[in-house]
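3 is the number of the first residue of the sequence shown in the working numbering; add one for each residue after it.
Think of the CB as a built atom: it goes at the ideal place given N, C-alpha and C, for glycine as much as any other residue.
Source: prediction; values computed, not measured.
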Amino acid sequence: MAQRKVLPYLFISPFFILYGIFGLYPLISGMVMSLQKKEAFVGFSNYQKVLTDGRFWKAIGNAALYTCGSVFIILPVALGAALMLNSAFMGKKKGFMSTVFFIPNVTSVIVAGIVFQYILKANGGILNEILLSLGIIQKNIRFLNDPNWAVVSIVIMGTWRYFGVNSLYFLSGLQSISPDLGEAARIDGANAWQEFWRIKFPLLKPIMIYVVFTAITGSFSIFGEVYTLVGAGSTGARDSMLYPVIYLYNTMFRDNKMNEAATMGYVLAVLLLVITSIQRFIMRDKDEN
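What follows is the structure, encoded as structure tokens:
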């Protein structure tokens with residue numbers, strides 16, 4: 003009997019051991035580091051320093067702008083792609099196109115960054131050449147160096163990388179909606195827009211909450227795209243390419259200020275917790291109303 007009671011815990015012990023080593027220990031260790039300076043306890047002085055650091059809030063502002071691009075550009079593009087994939091027009095091509103859309107998400111961020119360096123560079127960049135040939139612009143845009151275009155360049159790369167996987171999330175939601183609902187709406191005289199807005203869009207709410215949540219957390223933890231486009235050591239003109247994780251990385255590995263970096267990590271985690279809690283409250287409030 004004793005052996006039967008011990009065996010289940012023995013089988014699940016690898017998870018708890020690995021979680022303790024790679025999850026719980028770093029969490030506690032980081033918290034202790036955030037309260038120290040050169041191994042001396044300093045209380046919340048590191049938090050005060052981070053919260054009054056203008057560059058940290060500049061990084062948060064850049065991440066907030068990229069969040070807006072994710073929510074209002076990348077996700078609508080993904081939803082449009084999902085509607086196209088779910089249409090009768092696609093037919094048997096749906097599976098092939100879904101694979102094509104998903105490829106950017108599994109492409110190495112290093113490869114994507116190198117490619118987009120050539121696409122977005124000021125002189126001879128593919129995007130500039132296209133815009134010039136169409137007469138949309140009269141001179142080259144310095145996407146990676148001009149502070150006014152820095153966030154736009156990250157959003158362009160992010161749209162290419164993430165619209166595909168998000169479109170598959172939306173597609174799974176659309177395919178779970180019964181066709182009978184749309185047919186009933188059309189019999190009652192609803193057009194395509196009314197069918198989408200009144201029936202499909204409300205039923206996509208669980209998927210919408212998930213993709214918005216991942217978009218927010220992904221925007222504040224963005225690293226690879228910026229690192230490959232401009233390098234971790236470079237933060238662009240007027241810190242236009244400074245993002246929270248880039249700033250944390252530079253603080254820890256370039257400036258060797260591990261205590262401040264740990265503090266930034268916890269402040270960022272709390273900010274994300276507050277933002278996502280507000281998002282969930284707003285969505286729940288709308289549902290109840």
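Same chain, Cβ closer than 6 Å to residue i, neighbours up to 5 away in sequence not counted
i, result
"LEU206", "GLY175"
"SER36", "ASN48, ALA264, THR265 and TYR268"
"ILE128", "ILE121"
"PRO149", "ALA239, ARG240 and SER242"
"PHE225", "VAL247"
"SER223", "VAL247"
Distance, residue j Cα to residue i Cα
i, j, result
"ASP190", "GLN196", "11 Å"
"ARG240", "ILE14", "51 Å"
"TRP199", "ASP257", "51 Å"
"TRP59", "LEU26", "28 Å"
"SER89", "LYS95", "11 Å"
"VAL167", "VAL213", "10 Å"
"VAL228", "LEU12", "44 Å"
"LEU77", "LEU9", "47 Å"
"ILE143", "ASN130", "7 Å"
"ALA61", "THR237", "10 Å"
"GLY97", "ALA187", "28 Å"
"THR54", "LEU250", "15 Å"
"LEU244", "ALA271", "18 Å"
"VAL111", "LYS7", "47 Å"
"GLY22", "GLU41", "23 Å"
"ILE138", "VAL153", "20 Å"
"ILE19", "GLY32", "19 Å"
"PRO208", "SER221", "20 Å"
"PHE17", "PHE24", "10 Å"
Cβ neighbours of residue i in the same chain (closer than 7 Å, five flanking residues each side left out)
i, result
"ASN261", "MET35, SER36, GLN38, LYS39 and ASN48"
"LYS259", "THR253"
"MET99", "LEU87 and MET92"
Sequence-distant residues of the same chain with beta carbon closer than 8 Å to residue i, five excluded per side
i, result
"THR219", "LEU274 and THR278"
"GLY184", "GLU197, ILE201 and LYS202"
"LEU231", "GLY115, PHE118, GLN119, LEU122, LEU146, SER155, ILE156, MET159 and MET243"
Extent of the continuous alpha helix (DSSP H) to which residue i belongs
i, result
"MET35", "27 to 36"
"TRP162", "149 to 177"
"ASP257", "First-last for ASP257: undefined, no H or E at that position."
"ILE23", "Premise fails: ILE23 is in no alpha helix (DSSP H) and is neither H nor E."
"MET86", "77 to 88"
"GLU227", "226 to 232"
"ASN107", "96 to 108"
"TYR49", "47 to 53"
"ASN130", "128 to 135"
"TRP195", "194 to 197"
"SER221", "207 to 222"
"ASN64", "56 to 71"
"ASP182", "181 to 189"
"ILE112", "111 to 122"
Residue i versus the options, residue with shortest Cα-Cα distance
i, options, result
"MET210", "ASN147, ALA80 and LYS51", "ALA80"
"VAL108", "ILE75, ALA61 and ARG163", "ARG163"
"PRO106", "LEU170, VAL153, PHE145 and TYR229", "LEU170"
"LYS141", "SER178, ALA66 and LYS123", "LYS123"
"ALA83", "VAL102, ALA61, ILE30 and ALA66", "VAL102"
"THR161", "LEU136, GLU41, ALA217 and ASN147", "ALA217"
"PHE215", "PHE46, VAL276 and LYS7", "VAL276"
"LEU173", "LEU85, GLY56 and GLY126", "LEU85"
"ILE116", "LEU67, MET33 and GLY233", "GLY233"
Legend entry - the stretch 69 to 76 contacting the stretch 146 to 162, beta-carbon criterion three pairs below 8 Å: By the Cβ test, the stretch 69 to 76 is in contact with the stretch 146 to 162, since at least three Cβ pairs between them sit closer than 8 Å.
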